[in-house]
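Quick note: the sequence shown, position 153, residue 153 per the numbering used here, numbers continuous. Below is one structure, written out as structure tokens, with a few remarks after it.
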Amino acid sequence: MSYETLRVEERADRVVVTLHRPEARNAISGLMIRELHTVCEQLEQDPKLLLLTGHGGVFAGGADIAELLERGRDEALQGINSRLFERVRRLPMPTLAAVDGWALGGGAELSYACDLRIAGPDAVFGNPEPGLGILAAAGACWRLPELVGESVAKQVLLAGRNLDAAAALAAGLVIDVVPAEKLLDEAHALLDRMARSSATALRLTKLVVDSPGAHPIADDLAQAVLFEGQDKRDRMTLFLNNLNKRGLEKRSSRA
1 MSYETLRVEE
11 RADRVVVTLH
21 RPEARNAISG
31 LMIRELHTVC
41 EQLEQDPKLL
51 LLTGHGGVFA
61 GGADIAELLE
71 RGRDEALQGI
81 NSRLFERVRR
91 LPMPTLAAVD
101 GWALGGGAEL
111 SYACDLRIAG
121 PDAVFGNPEP
131 GLGILAAAGA
141 CWRLPELVGE
151 SVAKQVLLAG
161 RNLDAAAALA
171 AGLVIDVVPA
181 EKLLDEAHAL
191 LDRMARSSAT
201 ALRLTKLVVD
211 SPGAHPIADD
221 LAQAVLFEGQ
231 DKRDRMTLFL
241 NNLNKRGLEK
251 RSSRA
């Protein structure tokens with residue numbers, strides 16, 4: 001289908017979504033929210049890896065302030081942004097945000113909802129919502145402490161600190177900082193690495209990791225499903241065959 005605020009590229013094992021509102025620094029509008037829901041529906045029905053990035057050297061400069069100005073109590077209670085970001089968080093396959101430039105407000109919260117983040121050198125994460133008389137209510141108040149710890153999260157949420165790429169890497173918010181011209185290539189390389197793993201194992205691992213509290217029973221049930229799969233047998237047999245082959249080659253070289 002066609003999108004007005006997104007550029008969507010479908011590949012065999014992943015979907016690449018580029019936030020595309022260049023006239024507004026890719027600010028997250030109501031239309032973009034609806035279009036991202038459509039992408040989520042597609043990924044729920046046909047699970048694939050997701051790469052999320054922004055157009056023009058900006059991830060997303062925040063939510064659309066003109067729209068926020070017109071929203072009232074009823075819209076806040078609908079959780080317009082938060083419901084989408086939670087849906088992104090619960091997608092069945094891993095998600096990766098490739099962030100260069102600004103990721104502020106709702107843009108930062110969208111990146112926090114992804115499983116992983118990789119950054120360009122000009123990436124900046126921040127939540128300036130209190131300066132606008134509101135709070136970061138689309139997940140930052142509880143996701144960010146989980147990602148970077150309470151102290152750093154309060155520096156961002158209360159003191160208005162922005163995390164540049166180096167600070168985000170030091171805090172563990174991003175997996176790596178790479179040159180801007182290599183950002184998408186490195187993001188795809190990371191997805192390639194995950195794509196080489198068992199898709200079912202990735203799905204169940206994400207499901208268990210995201211389950212609240214201690215979950216040994218969930219671990220056992222997920223592992224039981226994987227232990228019965230042919231994929232596990234094939235992969236472990238290949239591993240052992242390669243291990244034996246290397247052992248034979250090593251012994252042969254010593255003879």
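Note that CB positions come from ideal geometry on N, CA and C, so glycine has one too.
**Request:** Note down, one range per segment and in chain order, each alpha helix (DSSP H) of at least 4 residues found wholly within the stretch 8 to 67.
**Result:** 30 to 45
**Message:** Does glycine 126 come out as helix, strand or coil in the three-state DSSP assignment?
**Reply:** Three-state DSSP puts glycine 126 in a strand.
**Prompt:** Mapping DSSP to helix, strand and coil, what is valine 177?
**Reply:** Look at valine 177 here: in three-state DSSP terms it is strand.
**Asked** If you scan the stretch 176 to 205 from start to end, which runs of the alpha helix (DSSP H) of 4 or more residues do you find wholly inside it?
**Response** Qualifying alpha helix (DSSP H) stretches, in chain order: 183 to 195.
**Asked** In its own chain, which residues sit with a C-beta less than 7 Å from the C-beta of proline 128, not counting the 5 before and 5 after it?
**Response** Leu104, Gly105, Gly160
**Prompt:** Exposed or buried, alanine 166, counting other C-beta atoms within 10 Å across all chains shown (16 or more means buried)?
**Reply:** Classification for alanine 166: exposed.
**Asked** In chain order, what residues of the same chain have a beta carbon less than 8 Å from the beta carbon of leucine 43, not counting five sequence neighbours either side?
**Response** Val15, Leu50, Leu91, Pro92, Met93
**Item:** First and last residue of the uninterrupted beta strand (DSSP E) at leucine 135
**Value:** No beta strand (DSSP E) holds leucine 135; DSSP gives it neither H nor E.
**Message:** So, with DSSP's three-state summary, where would you put leucine 116?
**Reply:** Secondary structure of leucine 116 (DSSP, three-state): strand.
**Item:** Beta bridge counterpart(s) of leucine 163 as assigned by DSSP
**Value:** Residue pairing of leucine 163 in beta bridges, as defined by DSSP: Phe125.
**Cβ neighbours of glycine 56 in the same chain (closer than 6 Å, five flanking residues each side left out)** = Excluding sequence neighbours, glycine 56 sits near Pro22.
**Asked** Closest by CA to serine 82, which one among Ile33, Ala66, Arg71, Thr95?
**Response** Ile33
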